[in-house]
Structures are given as C-alpha cells and as structure tokens.
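Here's the structure, in structure tokens; my notes come after.
Residue numbers (my numbering): 45 to 330.
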C-alpha cells in the first residue's frame with residue numbers, strides 16, 4: 045500500500061512527510077526547551093539537543109495525528125498528502141524517535157527527566173480527537189506543552205526544579221492560552237457547524253476575545269511583578285512592554301491578522317526574555 049496519496053516515489057514520499065513540519069508551531073516548543081537549558085546556566089549541548097529532538101518528535105506526532113483525524117476520520121480537511129497507512133507509519137517513526145530520546149534521558153540524566161518529557165507526547169497524540177473537543181483542553185494543550193518543554197529543558201541540565209523555570213512556564217501557559225483563544229475565534233463559524241467546542245463557541249466570539257486579552261494582560265503583569273521581586277531579571281519588563289505593544293495593535297485587528305501578530309509577538313517576547321536571562325550578569329555589574 046502507498047504511503048502518499050498523490051505522487052509516487054521516494055522524493056514525493058519525503059515531501060509528503062516534510063509537509064507535516066510546520067515551523068510556526070514547532071519552533072516555540074523547541075525554543076522553550078532550549079530556553080529552559082539557558083535558565084540552568086551551564087548548558088550540556090548533548091542533553092539540550094536530545095530534549096529538543098524529543099520535543100520536535102512530540103509536536104510532529106501531533107501534526108500527523110491531527111491530519112489523520114481531520115482528513116481520514118472526521119472528513120473536515122479537503123486534502124492530506126499521506127494515506128492512512130502513511131499516517132500510521134509517520135506516527136510510529138516519530139514515536140520511536142521520541143522513545144529513544146526518553147531512554148537516553150533515563151540513562152544519562154534520570155527517570156524524572158523522562159517523566160517530565162513523556163507528557164509532551166501524551167498531549168500531542170491525544171490532542172485529536174480527544175483534547176480538541178473541550179474548551180479547556182483545546183485551549184491549553186499546546187501552551188501546556190510549551191510550558192512543560194521549558195521545565196523539562198531546565199531539569200535535564202540541573203536534575204532539579206526551581207522557582208524561576210516554573211514561573212516562566214506559568215507565564216507562557218497563560219500568555220499562549222490567550223493567543224490560542226484568539227486563534228480559535230477566527231474559526232468560530234466552522235467550529236460551531238461541526239459542534240467543536242472551543243472557547244469562542246462556548247461563550248461567543250466577543251466574550252472569548254475579552255477572555256483572551258485578559259489572560260495575556262495577566263501574564264504580562266506577572267512578568268512585571270516577578271521582575272520587581274527579582275525572581276526574573278529586571279530587563280524582563282522589556283519583554284512585557286514589547287508584547288504589550290503588539291497586543292494593543294492586534295486588539296483592533298480581525299482575528300486572523302490578530303493571531304498572526306500575536307504569534308510573532310510571542311517570538312519577540314521569548315527572544316527578549318532569552319536576552320534578559322543571558323545578559324543578566326551584565327545588568328548586575330551595571
């Protein structure tokens with residue numbers, strides 16, 4: 045049986061599997077994993093790479109499973125490059141890579157490192173059709189994965205948990221949940237037609253938008269509060285200001301454009317936080 049639905053051959057098969065790599069959604073979890081390693085101070089690049097690869101494999105699993113469910117099971121999508129068998133092969137391959145990474149973490153770190161990593165795959169695999177039908181889990185699944193990637197990235201370096209990575213993880217969970225609610229409002233009519241209960245479907249687009257920006261504002265206020273308390277570097281306030289400026293513009297934009305702005309704003313937010321942590325010793329000297 046063929047693995048792909050359209051063209052045949054090795055090159056076509058490679059293109060079909062590569063099509064399941066979505067950088068916009070894959071880069072943030074991987075960046076969060078590496079950010080966790082940076083928070084640890086001394087970085088073992090081998091361990092950081094293994095955890096980042098595990099994170100990639102988990103997100104790849106989510107994309108393949110989502111495509112399989114949305115096209116082959118629900119019939120929601122108009123097209124998909126992989127056959128049912130191709131999807132299963134992709135899932136086995138990504139799960140195998142993830143399992144090897146977890147085994148490496150057990151051997152070279154400890155079992156807790158693997159225990160903090162395994163939920164990434166569990167959330168990814170069960171996102172569709174289980175978690176994406178409930179307003180809470182449909183909203184928080186992806187942000188929770190990013191938060192967990194950050195905590196796991198820190199743990200594999202230190203073999204310990206600390207307040208700072210947990211605080212950052214909380215901020216990302218709340219901020220990205222707000223962005224996800226905005227993202228879901230652009231699909232309100234379609235989601236409602238198929239009885240998919242996102243926050244927008246559950247409470248209406250206007251109220252969902254208010255909830256979304258309330259979550260984002262809360263996350264930014266937490267960053268400022270932690271910076272004042274010196275849990276975060278003082279320069280972390282710049283990250284809150286940068287994202288806040290983007291959010292003010294996005295608030296007046298239609299849902300699709302707002303989502304694009306907010307997602308890219310989250311990249312800026314993360315980049316400024318990385319710089320704040322990386323150059324914290326310089327701020328202490330100054």
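From the three backbone atoms N, C-alpha and C, an ideal C-beta is built for every residue, glycine too. The structure displayed is predicted, hence computed values, not measured ones.
request  = Quick one: residues in its chain with C-beta nearer than 7 Å to the C-beta of residue 146, no 5 flanking neighbours on either side, listed in chain order?
outcome  = 98, 158, 161 and 162
ask   = Thinking C-beta only, is residue 191 closer than 8 Å to residue 216?
value = yes
request  = Quick one: grab the DSSP three-state call for residue 87.
outcome  = coil
query = Which ranges does the alpha helix (DSSP H) cover as unbroken runs of at least 4 residues, wholly within the region 162 to 250, from first to last along the chain?
reply = 179 to 202, 207 to 229, 232 to 237 and 243 to 247
request  = Below 8 Å on the Cβ atoms is my guess for residue 294 versus residue 285; work out the distance and round it to an integer in Å.
outcome  = Contact flag wrong, Cβ pair sits at about 15 Å.
inquiry  = Buried or exposed, going by whether 16 or more other CB atoms sit within 10 Å of the CB of residue 325?
reply    = In this prediction, residue 325 has a pLDDT of 49, which is less than 50 and means its spatial position is unreliable; nothing more can be read from the coordinates.
ask   = Nearest CA to the CA of residue 259: which residue from 126, 274 and 243?
value = 243
inquiry  = For residue 126, list the residues DSSP reports as bridge partners.
reply    = 48
message = Less than 8 Å between the C-beta atoms of residue 290 and residue 276, yes or no?
response = no
task = Identify the continuous alpha helix (DSSP H) that holds residue 56 and give its terminal residues.
result = 54 to 62
inquiry  = Quick check on DSSP: helix, strand or coil for residue 273?
reply    = coil
query = Just to confirm, are residue 114 and residue 172 a CB contact at a threshold of 8 Å?
reply = yes
task = Classify residue 205 as buried or exposed, calling it buried when 16 or more other Cβ atoms lie within 10 Å of its own Cβ.
result = exposed
query = Within this structure, are the beta carbons of residue 302 and residue 225 separated by less than 8 Å?
reply = no
ask   = Are residue 210 and residue 195 closer than 8 Å when you measure CB to CB?
value = yes
request  = Give the C-beta separation of residue 321 and residue 82 to the nearest angstrom, bearing in mind that I take them to be a contact with Cβ-Cβ under 8 Å.
outcome  = 6 Å
query = Skipping 5 residues on each side, what residues in its chain have a beta carbon closer than 6 Å to that of residue 197?
reply = 77, 80, 81 and 95
key: Residue burial classification, residue 61 (beta-carbon count within 10 angstroms, cutoff 16)   = buried
message = Just to confirm the assignment, what range does the alpha helix (DSSP H) spanning residue 312 have?
response = 299 to 322
Residue range of the alpha helix (DSSP H) that includes residue 288 = 280 to 295
task = Measure the C-alpha to C-alpha separation of residue 57 and residue 144 and round it to an integer number of angstroms.
result = 24 Å
ask   = Per DSSP, what kind of secondary structure is residue 132 in: helix, strand or coil?
value = helix
query = From residue 71 to residue 239, what distance separates their C-alpha atoms?
reply = 30 Å
inquiry  = Here's the rule I'm using: 16 or more other beta-carbon atoms within 10 Å means buried, otherwise exposed. How should residue 221 be labelled?
reply    = buried
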